[in-house]
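So in our numbering the end of the sequence shown lands on 306, straight run, no missing numbers. The beta-carbon is built from N, C-alpha and C at its ideal position, and this holds for glycine as well.
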Amino acid sequence: MDNSSDVGSFVLGTYGDSGSLKYLYFTLAAILYVSVICANTLLIVVIYLEERLHEPMYQLLCALFVNEVYGSTALLPCLMAHILADTHHISLFFCLLQIFNIQTYVDVEFRTLSVMAFDRYASICRPLHYNSIMTKGKVRVIVLVVWAASFVQTGVLLSFIVRLRFCGSVINKVSCGYNLVVGLSCSANSILPFLNDVVSGLILGVAAPLCFITFTYVRIFSVCLKASSETRVKAFETCSPHLVSIMSFVFSCFYNLISPRFNMTFVPLQLRIILSIYAFLIQPILNPLIYGLKLTKIRHALKKL
2 MDNSSDVGSF VLGTYGDSGS LKYLYFTLAA ILYVSVICAN TLLIVVIYLE
52 ERLHEPMYQL LCALFVNEVY GSTALLPCLM AHILADTHHI SLFFCLLQIF
102 NIQTYVDVEF RTLSVMAFDR YASICRPLHY NSIMTKGKVR VIVLVVWAAS
152 FVQTGVLLSF IVRLRFCGSV INKVSCGYNL VVGLSCSANS ILPFLNDVVS
202 GLILGVAAPL CFITFTYVRI FSVCLKASSE TRVKAFETCS PHLVSIMSFV
252 FSCFYNLISP RFNMTFVPLQ LRIILSIYAF LIQPILNPLI YGLKLTKIRH
302 ALKKL
């Protein structure tokens with residue numbers, strides 16, 4: 002295919018004209034973004050400074066908080082700029098960059114949560130071998146592999162877009178999406194969206210991590226049923242924030258996978274927008290809140306700080 006493109010930029014058509022309300026929307030988005038940065042950075046600093054938190058579990062939490070900052074930065078600054086702008090154009094380069102950042106954020110989030118599930122499984126089901134199964138060095142390698150695999154996978158997907166020629170220019174969303182951009186190509190077909198949805202999105206992105214997480218928690222619950230009440234309380238304390246985080250993120254991913262296939266006009270536009278970017282609005286502030294409030298060691302470290 003020709004590397005050139007008939008369209009040099011796209012129009013994000015969902016913004017529209019919100020009149021004087023745009024200043025309210027901008028303020029809310031700015032407050033949320035600052036809160037995400039502050040909350041996640043605070044916990045990263047606490048984990049780094051507190052020597053008692055230099056354990057595999059908290060190293061994984063630190064990686065999760067870094068990803069929350071990365072994910073919110075992938076969307077919210079651009080969102081705020083378009084809220085105030087009179088026109089809502091985005092260049093092809095920045096559109097592809099946004100797709101890359103959003104896709105890698107989602108992949109890293111799911112895979113990090115999967116590794117955290119295995120960490121909880123090793124801690125509860127194999128406590129005598131935990132220190133040999135999960136070491137600081139292994140965790141660092143796993144985090145690097147998770148990020149590298151997500152970047153490579155997304156890069157391969159984007160390599161197909163770069164070679165396309167585009168005839169359409171309107172993206173009916175507040176951000177660029179892989180399938181939406183492919184749908185605007187002059188030779189639009191269903192193969193690339195199918196690969197993204199089924200292979201990258203459903204199988205590698207959602208189904209595989211969910212099956213692995215489900216397996217680990219079945220084993221955890223089976224051990225807890227036979228354990229003492231003290232063990233069950235400790236398991237609940239460490240697992241409940243993780244389960245809340247997983248359920249929240251799964252809801253967001255399934256909504257974005259399923260909603261384009263149905264007529265969602267019965268849902269108010271503002272609510273559809275919020276649900277479509279839930280993973281970048283709610284998830285990055287939810288994780289530091291639930292982990293910071295629920296985990297005793299982090300609470301004590303925050304008080305000490």
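Spatial distance of residue i from residue j (CA atoms)
i	j	result
N102	S229	44 Å
S249	L114	12 Å
L61	K227	28 Å
V171	Y179	13 Å
A236	S10	51 Å
G72	P285	8 Å
L1	M58	What the structure shows of the chain is the stretch from 2 to 306, and residue 1 is not part of that stretch, so it cannot be assessed.
A150	A209	14 Å
V183	S92	15 Å
N4	I162	A caution first: N4 carries a pLDDT of 43, below 50, which makes its placement in the model too unreliable to give a value.
S6	R262	Low confidence applies here, because S6 scores a pLDDT of 46, under 50, leaving its location unreliable; read the following figure in that light. Near 28 Å, if we compare the C-alpha coordinates of R262 and S6.
C95	C212	A small correction: the amino acid at residue 95 is Phe; Cys does not occupy that position in the sequence shown. Approximately 34 Å, taken between the alpha carbons.
V308	I143	The displayed coordinates of the chain run from 2 to 306. Any statement about residue 308 would go beyond what the structure contains.
M2	V35	Low local confidence applies: a pLDDT of 41 at M2 is under 50, so the model's placement there is unreliable, with the coordinate-based value given in what follows. C-alpha separation (whole angstroms): 43 Å.
F167	Y49	47 Å
L287	L276	15 Å
I100	S186	16 Å
K305	P78	33 Å
L165	S176	19 Å
G20	V70	30 Å
T74	G169	27 Å
L270	T155	29 Å
L22	I247	33 Å
G138	L272	43 Å
CA nearest to the CA of residue i, picked from the options
i	options	result
I32	V12, F119, F237 and L80	L80
S160	L185, L97, I134 and Q284	L97
E56	R166, S176 and I134	I134
T136	A150, F152, S151 and V116	V116
V153	L282, Y292 and Q104	Q104
F252	V207, T28, G72 and V37	V207
L25	V12, R220, I84 and I143	I84
L282	G156, I38, S223 and L294	I38
R300	E51, S36, V12 and Y34	E51
I125	I221, K139 and S246	I221
Y292	V245, L306 and N264	V245
L13	N173, V140 and T28	N173
V219	A123, L272, T266 and K298	A123
Cβ-Cβ separation, residue j to residue i (assumed contact under 8 Å), whole Å
i	j	result
T217	F119	6 Å
R233	C240	So it is not a contact: roughly 10 Å between Cβ atoms.
I278	L76	6 Å
H243	R121	6 Å
D303	V47	Per the sequence shown, the amino acid found at residue 303 is Leu instead of Asp. Yes, they are in contact, since the Cβ atoms of L303 and V47 sit about 6 Å apart, within 8 Å.
E238	K295	7 Å
(request) Tell me the start and end of each unbroken alpha helix (DSSP H) in the region 223-303 that is at least 4 residues and wholly inside, in chain order. (result) Complete alpha helix (DSSP H) runs here, min 4: 230-259, 270-277, 279-282 and 284-295.
(request) Examine the Cβ distances between the region 257-264 and the region 35-49 and report whether three or more of them are shorter than 8 Å. (result) No, they do not touch.
(request) Inspect the CB distances between the region 48-67 and the region 109-116 and report whether three or more fall short of 8 Å. (result) Three or more beta-carbon pairs drawn from the region 48-67 and the region 109-116 are found closer than 8 Å, and the two stretches are therefore classed as touching.
(message) Would you call the region 82-91 in contact with the region 119-130, where contact means no fewer than 3 C-beta pairs closer than 8 Å?
(response) By the criterion of at least three beta-carbon pairs nearer than 8 Å, the region 82-91 is not in contact with the region 119-130.
(request) Could you pull out every unbroken alpha helix (DSSP H) segment of at least 4 residues lying fully inside the region 12-65, listed in chain order? (result) Runs found: 22-50.
(request) Could you pull out every unbroken beta strand (DSSP E) segment of at least 3 residues lying fully inside the region 114-145, listed in chain order? (result) Taking only runs of at least 3 residues, no beta strand (DSSP E) segment lies wholly in the region 114-145.
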